[in-house]
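Trainee: In the working numbering, the protein residues as written are 1 to 310.
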Amino acid sequence: MKKITQKQIILFGISLIFMTGCLQKSLIDDVQLIQGVVYDTTKDKIKATIVCPIQQKGHKVQVFENIANTVKQGRENASFESAQPFAIGQLRVALFTEKLAKKDIAVAYDTLLRDSSIGHSIYLGILEGNGYDLFSGKYQNNFNVAIYIKNLLEHNMETGSLPYDNLHHNSNRYYTVGQDNFLPILKKQKDKIKIQGLALFNEETYVGKLEPKEMFVFRGLLEKHRLNSQEFKSHGGYVLINNIRSTPSYHVRIKNGKPSFYIQVKVDARLQEVSKRISLENKKNFEIITKNIEKQLNTDSKKLLKNYKI
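(1) Please state whether DSSP places LEU186 in a helix, a strand or coil.
(2) From this set, ASN172, THR159 and ASP40, which residue's C-alpha is nearest ALA108's C-alpha?
(3) Which word fits VAL163, buried or exposed, when buried means at least 16 other C-beta atoms lie within 10 angstroms of its C-beta?
(4) Within its chain, find whatever has a CB closer than 8 Å to the CB of ASN130; leave out the 5 residues flanking it on each side and keep chain order.
(5) Please identify the residue among GLU231, TYR238 and ARG226 whose C-alpha is closest to the C-alpha of ARG245.
(6) Just how far apart, CA to CA, sit ASP30 and PRO53?
(7) Taking LYS47 as the reference, give the member of ASN66, LYS60 and THR205 with the closest Cα.
(8) Comparing alpha-carbon positions, which option in ILE263, ARG219 and GLU203 lies nearest THR175?
(9) Within this structure, are the beta carbons of LEU100 and GLY36 separated by less than 9 Å?
(10) How far does the beta strand (DSSP E) with ASP133 in it extend, from its first residue to its last?
(11) Which of the three DSSP states is assigned to ARG311 in this structure?
(12) Closest to HIS235 by C-alpha separation, out of LYS192, ASN69, LEU280 and ASP191, would be which residue?
(13) Determine the extent of the beta strand (DSSP E) in which LYS319 is found, giving its start and end residues.
(14) If you draw a straight line from the alpha carbon of GLU273 to that of ASN282, how long is it in whole angstroms?
(15) Any chance you could list the beta strand (DSSP E) runs of at least 3 consecutive residues sitting entirely within the stretch 215 to 266, in chain order?
(16) Could you round the C-beta distance between GLY237 and LYS188 to whole angstroms and report it? I think they count as a contact, below 8 Å.
(17) Any idea what DSSP makes of ARG311, helix, strand or coil?
(18) Let me check one thing: in DSSP terms, what residues is ASN202 bridge-paired to?
(19) Which whole runs of the alpha helix (DSSP H) in the stretch 53 to 93 are 4 residues long or more, in chain order?
(20) Let's test the definition: count the other Cβ atoms within 10 Å of the Cβ of GLN55 and tell me whether it reaches 16, buried, or not, exposed.
(21) With DSSP as the reference, label THR176 as helix, strand or coil.
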């Protein structure tokens with residue numbers, strides 16, 4: 001009896017594996033995989049634009065728009081135009097339009113978090129423009145538009161000045177008392193999509209913008225990271241440093257019962273290029289360049305903290 005039970009268990013396990021394999025293939029072939037969504041607002045309703053890849057058609061996509069009182073009802077309304085049911089488990093990016101962000105992103109944001117079929121590794125952002133133009137655009141790459149945006153954000157987080165972020169990390173800031181949120185800003189420019197800076201939030205509302213040139217300092221103050229390269233003024237020209245490794249540390253000092261916060265940033269880098277003829281064999285020139293970089297970073301950091309009261 002024991003041997004029969006073991007055989008039954010083994011056969012059941014094997015059949016389950018084959019059933020699982022067939023089920024996955026069937027799901028992919030028979031549904032519309034939502035890979036990108038843009039949330040907007042119109043007449044106090046939620047407008048959502050979604051993009052789905054056309055299977056076995058390379059980077060070609062289908063775009064659907066819908067308007068409803070709630071996000072999920074909008075998706076149901078869009079299904080009336082689709083030959084297949086929607087599946088959101090492959091979502092890669094979720095964007096909020098500038099118009100919605102300046103009003104309130106709470107409803108759309110909360111829906112993303114509460115949907116158990118959406119992974120918390122998706123990327124978020126603010127869109128300057130509208131969702132249909134973004135998703136229906138033709139771009140100079142071999143990816144569909146949702147994967148293009150995902151890769152754009154991903155590599156700028158890994159080796160650029162864009163702070164590391166996804167839905168999981170962002171929701172921690174969003175719900176933590178005393179922390180303000182931020183999101184990358186994207187804009188369609190002809191056949192390209194470009195990062196325009198960082199949107200700064202006060203609770204659920206977009207209230208300020210960091211320009212791209214300010215993002216290097218912002219990320220240096222915020223988190224440990226690596227960066228490909230950055231240029232600075234020195235000797236009447238410019239110097240370029242690369243292979244940058246930046247590590248911030250935070251200190252609190254209390255004087256007369258009042259706390260002061262200090263951020264110290266350690267930067268290790270390699271001098272790669274100079275725009276003017278400078279003898280780097282001269283130790284004094286190298287020291288001057290180092291001091292000029294430190295001075296610019298200190299000045300830019302203080303200006304950033306003062307302007308945005310970070």
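Note that the Cβ used here is the ideal one computed from N, Cα and C, for glycine as well.
Mentor: Taking the definition as stated:
(1) Looking at LEU186 - three-state DSSP - the assignment turns out to be strand.
(2) ASP40
(3) It should be noted that the sequence gives Pro, not Val, for residue 163. Its Cβ being crowded by 16 or more others within 10 Å, PRO163 is buried.
(4) Setting aside the 5 residues that flank it on each side, ASN130 is surrounded in the same chain by VAL38, ASP40, THR49 and THR97, each with a C-beta closer than 8 Å to its C-beta; the list follows chain order.
(5) ARG226
(6) 13 Å
(7) ASN66
(8) Before going on, a small fix: residue 175 reads as Tyr here, not Thr. That would be GLU203, whose Cα lies nearest to the Cα of TYR175.
(9) no
(10) No beta strand (DSSP E) contains ASP133, which is instead part of the alpha helix (DSSP H) from 131 to 136.
(11) For the chain, the structure presents residues 1 to 310; residue 311 sits outside this window and is missing.
(12) LEU280
(13) Here the chain covers residues 1 to 310 and nothing more, so residue 319 does not appear.
(14) 16 Å
(15) 225 to 234 and 237 to 255
(16) No, GLY237 and LYS188 are not in contact; Cβ-Cβ is about 35 Å, not under 8 Å.
(17) Past the edges of the chain, shown from 1 to 310, lies residue 311, and the structure says nothing about it.
(18) BP columns for ASN202 point to THR205.
(19) Correct list: 71 to 78.
(20) exposed
(21) coil
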